[in-house]
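Protein chains in written order, with this note's numbering: chain A, 1 to 370; chain B, 371 to 765.
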C-alpha cells in the first residue's frame, strides 16, 4: 500500500490500525474507530455533500467501515452511508481526478471488494433483484476484462503490452474475482428461493474453481434436500462419492461423503443411522464441530434429551472458542426450554460465558433471554 | 416440543482481498467460523443443523411429531409416574402414547422422554392433551394436565376438469395449487381409477430409457403456484359396450398425492372419488372408432364409425352422406343399415377425402330412423389435419 505524503490532515494510516479491535471481534468499537479516522480525513459524520477528496486509504477505511456494519447486520446504516457514493463510478473516485496526488495513474480507486459489498447490500434490505442487477453488472465487467487479457490486450482493452508474469497475475486475479461474484449471485438467488437458477449458478462456478467441486456439488445436494427432492440430492451426492473413489483418500473429501450420507438418512426419517454416520465422521475428524453438533441434534430426535444436552454442554465447556457459536447456542437454549420451565438460569450461565470471551459484536438473540 | 425437521444454518459471507486494509483477517474469521464450509467459505448454505425455533404450520396429510418430556424440577423422588398423551380433535380422541405402563420412580433432575408421531387426517383445531399422574414422596397421589392447541391447515387446492374425446376416452385435468408458505416437492401424483377404467398418466416424456417429467427442471411447486396433471381414462372392454349407454353420474377414480418439504418432511393426501356426469347422447350415438390424425390433400382415407342405439326402442336406420364445402364422401348414400335393437351398436366403415388444407372438421352424416321418420344430423364429428404432400412449388 502506498502511504503517500498527501494523506490529509497529516494522519498517518497504517494497515494495522484497526486490526487488534477486529481480531477480538469488537466490531462496534472498530466501526467507531473508522468513524474517527474518516473524520480526521475530513469525511466523517455530517460531512456528506461537501466537496470530497478521496484517497485510496480513505476508500479502504470506508470499505472496512461498511463491511463491519454488514457483519453487525446493520444493513440500513450501511445503505445510508453508501448512498453518497452513488454507483461507485463518479468522477471523483478515479485516479485521473487527482492528477497532483496520483500523477500518471489511471482507473478506479474503489477497491473491488467494496464494489462487491455495494452490490450485495440490497438483498439484505428486501431488494434482491437490485442486488442481482448490480452483481450481473460486475460479472459482465469481469468477463470483459478476462476477454481482453485473453486477446493479449490490457484489462481495459487498450493495446498496452503486459509482461508475461503480469498478465498471468492479472488473469488469476480476475478469475478469482469472477468466481467470487458468481458465489454472490448464487447466494442471492438462494435467498430469493429461486432454486433452479441458484443450482445452475453454483454449478457453473465449478469450471472456475475445480478444487471446490466437492463442496459445490454437496451444497447443491443440500439445496435439493431443502426442497424435498431427495432423489436428485442423492444423485449429486453420488457424483461426489464417485469423484472421491477415483481420487483416493483425502480427509475432507471423506468427511464430506459421510456428511452427505447422514443428511440423506435424516431426510428418510432414519435418525439412528444419521447419528451413527455423524459419529463415523468424528472417528476420522474428532474435533469436527459440525459433526458434533449434528450428532447431538439427532439424539434429540431419538428421544434422548439428557444425552444430547450433556454432549453439547460438554463441547461448550471444553472448547468455548469453537462452540460458543450462534447455531450451537440456539440448539442449547431450545433444549433448555424443552427440559424445564426453569431454563432461565442455564441461559444466564451461557450469557456469562459469552460475555467473557466474545467481543461486542456477538448476537445475543440466540440465547433467547427475552 | 414439536419436532419438525431441523434447518441448515446459513452464513453471510463478508470477504476482502489480500490487498485491502483488513488483509487476510476476514478470510481468517470465516475459516475459523465452525459453521462455514471448509474450502468454500463463501458458500452460504452450511451443514450445521439448527433445531426448530417455533411450532410452525402443520398441514393435513403431514405427520405431527412431538417430543414429550416430563422433568422432575423438585428435589424429591417421585414414584409411579404415568404419562398419557391424547390428541383431541373436533370429532375424536386418539391415544398417542407409546407405553401405557407407569415408570417406577423419577429422581430429581431426571426426565421421562417420549417421541410421538401421528399422521394428521383432519383439518381444524387439534389439542394435544398430556396427563401426568404420580405419587409424591409422602404417598400423595397427584395429577396434572397440560394442553397444547394447534390448527391444521389445508395444504393443497385441487380442481378437476373432464374432457370427453371423440372416442370413448375421458381426459382428466387435475389442477393442484400449493397453498402453504414453503416450496413443495411433488413426489407422486397418481390417479387410481375405479373398476370401470384403465388409466394412462400423461405427465412424463420418455426419451430412450429415461422418463423425464413434463415439468422439466421445476421439480418443486412454490407457494401459490399451480400445476396441471393430465390423465387419460379408457373404459375397460367389458364396460366399453355399455359406455355409450351410460347415463348420469359415473365414478372415475381418486387422486393420490404425495409431497415432501424441508429435509424430506412428508405429506400425503387422497381426494374423494371423482365423479363425472356422462354426456347425454340423445337417441343415437355416433362415435369414431378409427380415424387418422393427419391425411393428405384430396386423398381418400378410411374411417370407422360406431353407431349405438341409446334409446328404448328398436330402430331401422338409413345412412345418408352429404358433401360439405371441404369434405367429400365416397360410396353410396341412402343405404339401409338394418335393424338396431336398444343398446346395440354397429360398426360402419366409410371413406372420405378433403379438398382443403388445414384442420378440417368432418361433417355431413345423416341418420334417419324409418320407423319414426326422424332424421338425426351429425356435423363436426371429429377433426383431421389435412396436409399437402407435395414438396415442390406446384402445391
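No residue lacks a Cβ here, since even glycine has one placed at the ideal position from N, Cα and C.
Checklist entry - Using a Cβ-Cβ cut-off of 6 Å (strictly less than) and excluding sequence neighbours within five positions of residue 3 of chain A, which residues of its own chain qualify? => result Taking the first residue of the first chain as 1, we reach residue 3 of chain A at position 3. Annotation note: pLDDT 31 at residue 3 of chain A (below 50); position unreliable, coordinate value reported separately. Hits under 6 Å: none found.
Next on the checklist: So for residue 298 of chain A, helix, strand or coil by DSSP?
Outcome noted: In the first chain, the residue the question calls residue 298 of chain A occupies position 298. Note: residue 298 of chain A maps to helix in three-state DSSP.
Checklist entry - Counting contacts by CB-CB distance shorter than 9 Å, is residue 257 of chain A in contact with chain B? => result The sequence position of residue 257 of chain A within the first chain is 257, counting from 1. With 9 Å as the cut-off, residue 257 of chain A does not count as an interface residue toward chain B.
Item to check | Nearest to residue 416 of chain B (by Cα), restricted to the options A/158, A/263, A/148, A/36 | outcome: Your numbering for residue 416 of chain B matches position 46 in the second chain. Looking at the Cα atoms, A/263 is the closest of the given residues.
Next on the checklist: Does the CB of residue 590 of chain B have a neighbour CB from chain A at under 9 Å?
Outcome noted: Against the second chain, residue 590 of chain B aligns to sequence position 220. Answer yes: the Cβ-Cβ gap between residue 590 of chain B and chain A drops below 9 Å somewhere.
Item to check | Contact with chain A by residue 692 of chain B, beta-carbon distance below 9 Å | outcome: Start at 1 with the first residue of the second chain, and residue 692 of chain B comes out as number 322. Answer no: the Cβ-Cβ gap between residue 692 of chain B and chain A never drops below 9 Å.
Next on the checklist: Using 8 Å as the cut-off, can you tell me whether the region 395-405 of chain B makes contact with the region 80-87 of chain A, which would need three or more C-beta pairs spanning the two stretches below that distance?
Outcome noted: no
Checklist entry - Can residue 414 of chain B and residue 382 of chain B be called in contact, C-beta distance under 9 Å? => result For this step, residue 414 of chain B is matched to residue 44 along the second chain. For this step, residue 382 of chain B is matched to residue 12 along the second chain. Yes, Cβ-Cβ distance for residue 414 of chain B and residue 382 of chain B is below 9 Å.
Item to check | Beta-carbon proximity of residue 680 of chain B to residue 708 of chain B, cut-off 9 Å | outcome: Indexing the second chain from 1 puts residue 680 of chain B at position 310. Indexing the second chain from 1 puts residue 708 of chain B at position 338. Not a contact, by the Cβ cut-off of 9 Å.
Next on the checklist: Tell me the rounded alpha-carbon separation between residue 280 of chain A and residue 107 of chain A.
Outcome noted: As a first step, residue 280 of chain A is located in the first chain; it is residue number 280 there, counting from the start. As a first step, residue 107 of chain A is located in the first chain; it is residue number 107 there, counting from the start. The alpha-carbon atoms of residue 280 of chain A and residue 107 of chain A are separated by roughly 53 Å.
Checklist entry - By Cβ distance below 7 Å, which residues in the same chain neighbour residue 346 of chain A in space, the five residues on each side in sequence not counted? => result Here residue 346 of chain A corresponds to residue number 346 of the first chain, with the count starting at 1. Cβ neighbours of residue 346 of chain A beyond the five flanking positions: 336.
Next on the checklist: Please state the DSSP three-state secondary structure of residue 525 of chain B.
Outcome noted: Along the second chain, one-based indexing puts residue 525 of chain B at 155. Correct three-state label for residue 525 of chain B: coil.
Next on the checklist: Using the three-state DSSP reduction, which class does residue 447 of chain B fall into: helix, strand or coil?
Outcome noted: In the second chain, the residue the question calls residue 447 of chain B occupies position 77. Coil, per DSSP.
Checklist entry - For the region 399-423 of chain B, which residues have a beta carbon sitting closer than 9 Å to at least one beta carbon of chain A? => result 399, 402, 403, 404, 405, 407, 408, 409, 410, 412, 413, 414, 415, 416, 417, 418, 419, 420, 421, 422, 423
Checklist entry - How is residue 278 of chain A classed by DSSP in three states: helix, strand or coil? => result Translated into positions along the first chain, residue 278 of chain A becomes position 278. It is helical.
Checklist entry - Between residue 547 of chain B and residue 575 of chain B, is the Cβ-Cβ spacing less than 9 Å? => result Residue mapping note: residue 547 of chain B aligns to position 177 of the second chain, counting from 1. Residue mapping note: residue 575 of chain B aligns to position 205 of the second chain, counting from 1. Result no, Cβ atoms of residue 547 of chain B and residue 575 of chain B do not sit closer than 9 Å.
Checklist entry - Considering residue 345 of chain A, what are the terminal residues of the beta strand (DSSP E) in which it resides? => result Stepping through the first chain from its first residue, residue 345 of chain A is reached at position 345. Where residue 345 of chain A is concerned, there is no enclosing beta strand (DSSP E), although the alpha helix (DSSP H) it sits in stretches over 344-357.
Item to check | Among B/534, B/483, B/451, B/696, the one whose alpha carbon lies nearest that of residue 669 of chain B | outcome: As a first step, residue 669 of chain B must be located in the second chain, where it is residue number 299. Here the closest residue by C-alpha is B/696.
Checklist entry - Any idea if residue 366 of chain A is buried or exposed, counting beta-carbon neighbours within 10 angstroms, 16 or more meaning buried? => result Here the question's residue 366 of chain A lines up with position 366 in the first chain. Looking at its Cβ environment, which holds 16 or more other Cβ atoms inside 10 Å, residue 366 of chain A is buried.
Next on the checklist: In the DSSP output, which residue or residues are listed as bridge partners for residue 755 of chain B?
Outcome noted: Position 385 of the second chain, counted from the first residue, corresponds to residue 755 of chain B. Residue 755 of chain B pairs with B/664, B/729.
Next on the checklist: Considering only the alpha carbon of each residue, which of B/407, B/458, B/445, B/725 lies closest to residue 216 of chain A?
Outcome noted: On the first chain, position 216 is the one that residue 216 of chain A refers to. Answer by Cα proximity: B/407.
Item to check | Strand pairing of residue 98 of chain A, partner residues [DSSP] | outcome: Within the first chain, numbered from 1, the residue matching residue 98 of chain A stands at position 98. Residue 98 of chain A is not bridged to any residue.
Item to check | Between the CA atoms of residue 58 of chain A and residue 31 of chain A - distance to the nearest angstrom | outcome: The count along the first chain starts at 1 and reaches residue 31 of chain A at position 31. The count along the first chain starts at 1 and reaches residue 58 of chain A at position 58. Each residue's alpha carbon lies about 14 Å from the other.
Checklist entry - In chain order, what residues of the region 545-561 of chain B put their CB closer than 7 Å to some CB of chain A? => result 553, 554, 555
Checklist entry - Do you know offhand how far residue 492 of chain B's Cα is from residue 373 of chain B's? => result Residue numbering aside, residue 492 of chain B sits at position 122 when the second chain is read from its first letter. Residue numbering aside, residue 373 of chain B sits at position 3 when the second chain is read from its first letter. Cα-Cα distance, rounded: 19 Å.
Checklist entry - How about residue 754 of chain B and residue 727 of chain B: do their beta carbons lie closer than 9 Å? => result Walking along the second chain from the start, residue 754 of chain B turns up at place 384. Walking along the second chain from the start, residue 727 of chain B turns up at place 357. Taking 9 Å as the Cβ cut-off, residue 754 of chain B and residue 727 of chain B do not qualify as a contacting pair.
Item to check | Beta-bridge partners of residue 582 of chain B, as assigned by DSSP | outcome: To locate residue 582 of chain B, count along the second chain from 1; it is residue 212. Looking at the DSSP assignment, residue 582 of chain B forms a beta bridge with B/575.
Item to check | Simplified DSSP assignment, three categories, for residue 605 of chain B | outcome: Mapped onto the second chain, residue 605 of chain B falls at position 235. Here residue 605 of chain B sits in strand by DSSP.
Checklist entry - For chain A, is any of its Cβ atoms less than 9 Å away from the one on residue 636 of chain B? => result By one-based count along the second chain, residue 636 of chain B stands at place 266. Yes, contact with chain A.
Item to check | Chain-ordered chain A contacts of residue 386 of chain B [CB-CB under 8 Å] | outcome: Sequence index remark: in the second chain, residue 386 of chain B carries index 16 (1-based). Chain A residues near residue 386 of chain B: 63, 67, 111, 113.
Checklist entry - Can you list the residues of chain A that residue 587 of chain B reaches, using a CB-CB cut of under 9 Å? => result Mapped onto the second chain, residue 587 of chain B falls at position 217. Within chain A, the residues near residue 587 of chain B are 196, 199, 200.
Checklist entry - Helix, strand or coil: which one does DSSP assign to residue 272 of chain A? => result By one-based count along the first chain, residue 272 of chain A stands at place 272. Here residue 272 of chain A sits in helix by DSSP.
Checklist entry - Apart from the five residues just before and just after residue 437 of chain B, which ones in its own chain have a Cβ nearer than 6 Å to its Cβ? => result If you number the second chain from 1, residue 437 of chain B lands on position 67. 371, 373, 485, listed in sequence order.
Checklist entry - Is there at least one Cβ from chain A nearer than 9 Å to residue 430 of chain B's Cβ? => result Translated into positions along the second chain, residue 430 of chain B becomes position 60. By this cut-off, residue 430 of chain B is not an interface position.
Next on the checklist: Under 9 Å, CB to CB, which of the residues in the region 311-340 of chain A have a partner in chain B?
Outcome noted: 321, 322, 323, 325, 326, 327, 328, 330, 331, 334, 335, 337, 338, 339, 340
Next on the checklist: To the nearest angstrom, how far is the alpha carbon of residue 92 of chain A from that of residue 202 of chain A?
Outcome noted: The residue given as residue 92 of chain A occupies position 92 in the first chain. The residue given as residue 202 of chain A occupies position 202 in the first chain. Between residue 92 of chain A and residue 202 of chain A, the C-alpha separation is close to 36 Å.
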